[in-house]
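Visitor: If you use our numbering, the sequence shown corresponds to residues 29 to 180, in order. We treat Cβ as the ideally placed atom computed from N, Cα and C, and that holds for glycine. Pasting a structure below so you can have a look.
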Amino acid sequence: MKTFHTNIAALATGFALIMACSSLLADNDAEPVEPLALFAIMEAMGENMQTITAATAGEDWETVVETSPLIADHPQPPLGEKIRILAFIGTDVSAFKGHDGQTHDAAQQLGQAAASEDGEAVIAAFAELQLSCLSCHQRFRKSFKAHFYDRK
Ligand code: HEC
């Protein structure tokens, strides 16, 4: 009888182990969703913002002049992805494009302010630029994560 119970216990432990392993495997099997090209474009914009922050602190206006257009004229996702994005945002397309336009304009102003070595104007334009990022993120980021990555 003792061995019977021991066997049951061993079986139960084994079963628990198998379940644990298979759930681990399942996690590994569930390929992370391929990030949008938009995501890499955004990350590059984030890095460019950091470059600009550091350059502004050093009054290195040349670097600000060189970096601003990388944000103003950031690359676009490939056509297929654009179509997926447009299909998802539907009637919000003008709002989405409007935010992108604000980012474009603010980044251009930032570049101009840096070209005239006007530190205060650089900082004001940078604030505008950050606001343009923020307002698009507040409106769209969460729903993009939910739709394209199935994340809550
Ligand atoms: C027109 C809308 C829009 C504008 C403008 C915009 N973003 Fe984004 N951004 C998004 C969306 C949508 C995502 C989520 C993309 C994804 O998860 O694939 C995102 C994601 C990001 C991320 C990745 C962070 C994360 O984990 O989601 C960074 C960094 C980022 N944006 C930086 C910026 C910066 C810096 C600016 C302004 C200079 C900016 N974005 C302007 C829409 C925008």
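(1) Can you name, in chain order, every residue of its own chain whose Cβ lies under 6 Å from the Cβ of L53, other than the five neighbours on each side?
(2) Under the three-state reduction of DSSP, which class applies to E145: helix, strand or coil?
(3) What residue range is occupied by the uninterrupted alpha helix (DSSP H) comprising K180?
(4) With a cut-off of 8 Å on the beta carbons, I'd call T131 and I80 a contact; round off their distance for me.
(5) Any heavy atom of ligand 1 closer than 7 Å to the beta-carbon of T79?
(6) Anyone know if the C-beta pair for F176 and L64 falls short of 8 Å?
(7) Taking DSSP as the reference, what is the three-state secondary structure of V150?
(8) Rounded to the nearest angstrom, what separates A123 and S160 at their Cα positions?
(9) Does E156 come out as helix, strand or coil in the three-state DSSP assignment?
(10) I'd like the list of long-range same chain contacts for A141, defined as Cβ closer than 7 Å, with 5 residues on each side in sequence excluded.
(11) Among K110, Q78 and E156, which residue has its Cα nearest to the Cα of A135?
(12) If you drop the 5 nearest sequence neighbours on each side, which residues of the same chain put their C-beta closer than 8 Å to that of C49?
(13) Once DSSP output is grouped into helix, strand and coil, what is the label at H102?
(14) Who are the Cβ neighbours of E109 in its own chain at under 8 Å, not counting the five residues just before and after it?
Guide: Let me lay it out:
(1) The predicted position of L53 is uncertain, since its pLDDT is 49 and thus under 50; a value taken from the coordinates is nonetheless stated next. For L53, where only same-chain residues beyond five positions count, there are no Cβ hits under 6 Å.
(2) coil
(3) Careful: K180 lies outside any alpha helix (DSSP H) and carries neither H nor E.
(4) So it is not a contact: roughly 13 Å between Cβ atoms.
(5) no
(6) Going by C-beta atoms, F176 is nearer than 8 Å to L64.
(7) helix
(8) 12 Å
(9) helix
(10) A149, V150 and A153
(11) E156
(12) Any reading at C49 must be qualified, since the residue scores a pLDDT of 46, below 50, and its modelled position is unreliable; the value itself is stated next. Cβ within range, chain order: n/a, list empty.
(13) coil
(14) L64, A65 and L66
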